[in-house]
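Read top to bottom, the protein sequences are chains A and H.
Be aware that the first sequence starts at 0, since it is given in numbering that gives the first Met the number 0, and climbs by one per residue.
Be aware that the second sequence starts at 0, since it is given in numbering that gives the first Met the number 0, and climbs by one per residue.
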Amino acid sequence: MSAEDTLVRPAPRGKDAAQAMPGGRAAYLVGALCMVIIAIMIAPLLVSVAASFKTTAEAAAIPPTWFPHVLSLDSYERLWSYQDGLPTYLFNSAGTAVLTILICLGLTIPAGYALARFPIPGKELLFVFLLLALIIPYQALLTPLFFMFAELRLTNTLAGLAIIHTAIQIPFSIYIMRNSFEAVPRELEEAAVIDGCSSWQVLLRIYLPAIRPAIVTVALFAFITSWNEFLAALVIMNKGSIFTLPLVLAAARQETSIGGTDWGMLQSGITIAIIPCVLFYVLLQKYYVSGFLSGAVK
Amino acid sequence: MYASRRARLTGLLYLAPALLFVLVFTAWPMVQMAWMSLHSWSIIEPPKWVGLANYLRAWNDRQFWTSLGFTLEYTAWITPVLIVTGYLLALLVVPNTPLRKLTRAVVFVPVVIGLGVSSLLWYWLFSYDFGLVNRALVDLGVVAKPVVWFGEDANRAMWAVITSIVWKVVGFGMLLFVAAMQSIPQEVNEAAMVDGASYWQRVRRITLPLTARTVLLVTLFSIIGSLLAFDQFYLMTAGQPFNKTATSVFWIYLNSFPYLKLGYGAALSLVLAVIILLMTVAQMALARKTHA
Numbered sequence: 000m001s002a003e004d005t006l007v008r009p010a011p012r013g014k015d016a017a018q019a020m021p022g023g024r025a026a027y028l029v030g031a032l033c034m035v036i037i038a039i040m041i042a043p044l045l046v047s048v049a050a051s052f053k054t055t056a057e058a059a060a061i062p063p064t065w066f067p068h069v070l071s072l073d074s075y076e077r078l079w080s081y082q083d084g085l086p087t088y089l090f091n092s093a094g095t096a097v098l099t100i101l102i103c104l105g106l107t108i109p110a111g112y113a114l115a116r117f118p119i120p121g122k123e124l125l126f127v128f129l130l131l132a133l134i135i136p137y138q139a140l141l142t143p144l145f146f147m148f149a150e151l152r153l154t155n156t157l158a159g160l161a162i163i164h165t166a167i168q169i170p171f172s173i174y175i176m177r178n179s180f181e182a183v184p185r186e187l188e189e190a191a192v193i194d195g196c197s198s199w200q201v202l203l204r205i206y207l208p209a210i211r212p213a214i215v216t217v218a219l220f221a222f223i224t225s226w227n228e229f230l231a232a233l234v235i236m237n238k239g240s241i242f243t244l245p246l247v248l249a250a251a252r253q254e255t256s257i258g259g260t261d262w263g264m265l266q267s268g269i270t271i272a273i274i275p276c277v278l279f280y281v282l283l284q285k286y287y288v289s290g291f292l293s294g295a296v297k
Numbered sequence: 000m001y002a003s004r005r006a007r008l009t010g011l012l013y014l015a016p017a018l019l020f021v022l023v024f025t026a027w028p029m030v031q032m033a034w035m036s037l038h039s040w041s042i043i044e045p046p047k048w049v050g051l052a053n054y055l056r057a058w059n060d061r062q063f064w065t066s067l068g069f070t071l072e073y074t075a076w077i078t079p080v081l082i083v084t085g086y087l088l089a090l091l092v093v094p095n096t097p098l099r100k101l102t103r104a105v106v107f108v109p110v111v112i113g114l115g116v117s118s119l120l121w122y123w124l125f126s127y128d129f130g131l132v133n134r135a136l137v138d139l140g141v142v143a144k145p146v147v148w149f150g151e152d153a154n155r156a157m158w159a160v161i162t163s164i165v166w167k168v169v170g171f172g173m174l175l176f177v178a179a180m181q182s183i184p185q186e187v188n189e190a191a192m193v194d195g196a197s198y199w200q201r202v203r204r205i206t207l208p209l210t211a212r213t214v215l216l217v218t219l220f221s222i223i224g225s226l227l228a229f230d231q232f233y234l235m236t237a238g239q240p241f242n243k244t245a246t247s248v249f250w251i252y253l254n255s256f257p258y259l260k261l262g263y264g265a266a267l268s269l270v271l272a273v274i275i276l277l278m279t280v281a282q283m284a285l286a287r288k289t290h291a
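This is the structure in structure tokens:
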């Protein structure tokens with residue numbers, strides 16, 4: 000009876016089972032699975048970057064080779080001087096992204112400050128109004144925006160594209176800014192006010208240092224949205240010299256070199272377009288994760 | 000009294016630029032869209048009032064229905080694939096061990112790159128002569144000769160696109176699932192283990208019910224994202240064959256920009272916006288509950 004009791008006592012068995020997991024065969028299985036998944040996720044990027052270093056002839060080989068036999072920068076050289084030249088497209092993409100970051104921060108830092116710290120009449124209603132873009136996808140607004148931009152002569156300008164990218168990012172940025180201003184202890188501000196600081200000085204001296212993580216998050220997501228965005232750019236840019244990187248790559252897809260798409264050049268463009276995204280991801284991973292999580296439940 | 004009025008004014012002043020921006024670049028275009036949809040509107044000629052003719056035209060437009068049908072079909076297929084894959088991945092990587100953290104980080108990488116760029120990448124991988132997908136399939140003996148992925152069969156093209164998009168966005172769902180799973184109190188699982196529940200029993204009885212809201216949230220994200228699909232089809236299938244894979248946004252794009260039928264494009268946009276709005280309202284209600 001007592002022997003049976005100890006045998007069937009559930010607590011130790013359950014515990015044993017839990018401890019058996021990491022050490023036993025299951026752990027090897029999990030490890031192998033993780034490795035396979037990592038390989039599957041990395042493979043497309045790896046073969047694309049590798050293909051960008053193939054020679055012109057190898058990049059056009061049928062069937063394609065997995066990895067370059069000889070490393071060459073041919074593709075990058077062709078991309079460098081493709082039409083208006085890579086520097087132009089990099090400037091357009093980076094310029095739009097920087098403008099987007101600046102407009103976004105310029106609008107949402109003061110707005111977050113106002114929403115968190117000032118007794119504004121109808122504040123919640125105004126807050127909801129600022130989140131308006133959440134209820135309507137920007138894809139649906141491009142038709143009227145295109146007309147408006149044509150009237151204002153904002154088509155084919157980096158500023159025009161940056162305005163659309165900012166409009167996409169406003170709800171997320173406002174939400175992040177308001178929360179982050181509200182999280183700053185009021186005592187800090189009160190001390191500064193007693194010392195005779197104006198609201199503007201309080202914003203600059205007390206709040207800006209305190210909300211740095213929010214500034215990084217908002218800037219990061221503004222950059223990623225702007226750098227990667229395709230449809231709005233396609234709609235408002237129709238002059239080759241003002242194309243952003245994704246646009247010129249899409250155009251190059253149809254371009255023929257020797258009887259077909261110049262695949263090597265396309266890969267070199269893809270590689271260059273991906274580099275800043277992956278770089279910022281590696282450097283700022285925690286901002287990404289927290290941004291995505293708070294963005295998802297906004 | 001004076002101080003508080005001053006504070007109100009200062010606050011409004013700080014808020015004004017953002018309000019003005021949203022008014023001009025979001026609220027006004029919404030109104031303009033509705034107004035345009037009631038006109039025959041091109042940039043070249045002055046707009047002409049046509050009442051509901053644009054909506055009637057959509058009703059009778061075969062391509063409108065083809066596009067909507069295809070978009071819904073795409074949404075209906077990709078959403079379960081994304082949810083199941085993302086959830087299984089999350090279950091695998093939820094414990095905080097170094098290898099699993101690395102897996103989590105790697106699965107998330109495609110989320111941060113551009114959809115346009117990833118579509119071009121997969122356009123190459125799936126290309127007939129030059130693509131490594133066909134090379135792999137032929138080498139492994141799965142198919143005797145290369146497969147025509149795009150331009151021949153709409154269904155085959157859709158699955159090629161779905162493959163690329165799952166690769167691109169599965170990390171997003173996984174991240175939300177991992178966060179939800181990690182917020183389940185440890186004691187709940189421990190108590191179930193004490194009772195001798197197996198791993199899959201615990202997943203079914205504890206993890207799934209306690210993360211159900213996140214599952215719904217991610218489902219809605221996937222639905223909204225898929226209903227707005229454009230880049231991947233524009234760049235990979237170009238709508239072919241016979242515009243069978245031209246999504247709703249694709250059809251709006253074609254009407255508004257290359258064809259410059261802005262009035263009709265606005266009407267189509269409004270219809271799509273209403274469909275998306277219904278989804279968004281559901282998502283927000285859900286998010287509020289999840290957060291509370």
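Every residue gets a Cβ at the ideal spot worked out from N, C-alpha and C, and that includes glycine.
Just so we're clear, the structure is a prediction, and the values are computed from it rather than from any experiment.
> Hey, quick one: how far does the alpha helix (DSSP H) through Ile119(A) stretch, first residue to last?
Replying inline: Careful: Ile119(A) lies outside any alpha helix (DSSP H) and carries neither H nor E.
>> Per the DSSP calculation, Thr162(H) is bridged to which residue(s)?
In response: Answer by DSSP bridge pairing: none, since Thr162(H) is not bridged.
> If we ignore side chains and look at the alpha-carbon of each, how far apart do Leu244(A) and Leu89(A) end up?
Replying inline: For Leu244(A) and Leu89(A), the distance between alpha carbons rounds to 6 Å.
> Is Ala110(A) near Thr25(H), with beta carbons less than 7 Å apart?
Replying inline: The criterion of a C-beta distance shorter than 7 Å is not satisfied by Ala110(A) and Thr25(H).
> From Asp138(H) to Pro145(H), what distance separates their C-alpha atoms?
Replying inline: 10 Å
>> At the 7 Å Cβ level, is Gln253(A) part of the contact set with chain H, yes or no?
In response: no
> Which residues in the same chain as Phe66(A) place their Cβ atom closer than 7 Å to its Cβ, once the five residues preceding and following it in sequence are excluded?
Replying inline: Ala49
> Assuming Pro118(A) contacts Arg7(H) under a Cβ cut-off of 8 Å, what Cβ separation, rounded to an integer in Å, is found between them?
Replying inline: 6 Å
>> Could you tell me which whole alpha helix (DSSP H) segments of length 4 or greater appear in the region 36-93 of chain H?
In response: Fully contained in the region 36-93 of chain H are the following alpha helix (DSSP H) runs of length 4 or more, in chain order: 52-58, 61-92.
> Would you call the region 76-92 of chain A and the region 236-243 of chain A in contact, with 3 or more CB pairs under 8 Å?
Replying inline: yes
>> Quick check on Lys53(A): does DSSP put it in helix, strand or coil?
In response: coil
> Can you tell me the Cα-Cα spacing of Val217(H) and Gly170(H), whole angstroms?
Replying inline: Going by the C-alpha atoms only, they are around 11 Å apart.
> So, are the CB atoms of Thr54(A) and Ala221(A) less than 7 Å apart?
Replying inline: no
> What did DSSP end up calling Met34(A) once you bin it into helix, strand or coil?
Replying inline: Correct three-state label for Met34(A): helix.
> Between the Cα of Ser163(H) and the Cα atoms of Trp148(H), Leu285(H), Leu67(H), which residue gives the shortest distance?
Replying inline: Trp148(H)
> Taking the continuous alpha helix (DSSP H) assigned at Trp199(A), which residues delimit it?
Replying inline: 198-201
> Do you know whose CA, among Thr87(A), Ile173(A), Ser197(A), Asn237(A), lies nearest Phe128(A)'s CA?
Replying inline: Ile173(A)
> With a cut-off of 7 Å, does the C-beta of Ala284(H) fall near any C-beta of chain A?
Replying inline: By this cut-off, Ala284(H) is not an interface position.
>> Please tell me whether Ala232(A) and Leu160(A) are closer than 7 Å, where the distance is taken between their beta carbons.
In response: yes
> Closest Cβ-Cβ distance between Ala179(H) and chain A: below 7 Å?
Replying inline: no
>> Just to make sure I have the definition right: I need the residues of chain H whose C-beta is within less than 7 Å of the C-beta of Ile162(A). Which are they?
In response: Phe24
> In angstroms, rounded to a whole number, what distance separates the CA positions of Thr95(A) and Ser225(A)?
Replying inline: Taking the straight line from one Cα to the other gives about 7 Å.
> Comparing alpha-carbon positions, which option in Val215(A), Leu265(A), Ile274(A) lies nearest Lys285(A)?
Replying inline: Val215(A)
> Which of helix, strand or coil does DSSP assign to Thr154(A)?
Replying inline: coil
> Leu67(H) to Arg61(H), Cα distance in whole Å?
Replying inline: 10 Å
> Just to check, is the beta-carbon of Gly268(A) closer than 6 Å to a non-hydrogen atom of the ligand ADP?
Replying inline: With respect to small molecules bound, the structure shown includes none, and the ligand ADP cannot be examined in it.
> When the Cα atoms are used, what is the spatial distance from Phe126(A) to Leu114(A)?
Replying inline: Rounded to the nearest whole angstrom, the C-alpha separation of Phe126(A) and Leu114(A) is 8 Å.
> What separation, rounded to the nearest whole angstrom, lies between the Cα atoms of Thr270(A) and Tyr112(A)?
Replying inline: 39 Å
>> Taking 7 Å as the threshold (C-beta atoms), are Ile274(H) and Ile223(H) in contact?
In response: no
>> Since Val106(H) and Leu88(H) should fall inside the 8 Å C-beta cutoff, what is the C-beta to C-beta distance between them, to a whole number of angstroms?
In response: 6 Å
> Of all the CB atoms in chain H, is at least one closer than 7 Å to the CB of Cys276(A)?
Replying inline: Yes, its Cβ sits closer than 7 Å to a Cβ of chain H.
>> Quick check: what's the CA-CA separation for Thr64(A) versus Glu57(A)?
In response: If you take the alpha carbons of Thr64(A) and Glu57(A), they lie about 7 Å apart.
>> For chain A, check one thing: does any of its Cβ atoms lie closer than 7 Å to the Cβ of Leu14(H)?
In response: Yes, contact with chain A.
> In chain A, which residues lie with their C-beta within 8 Å of the C-beta of Tyr122(H)?
Replying inline: Arg252
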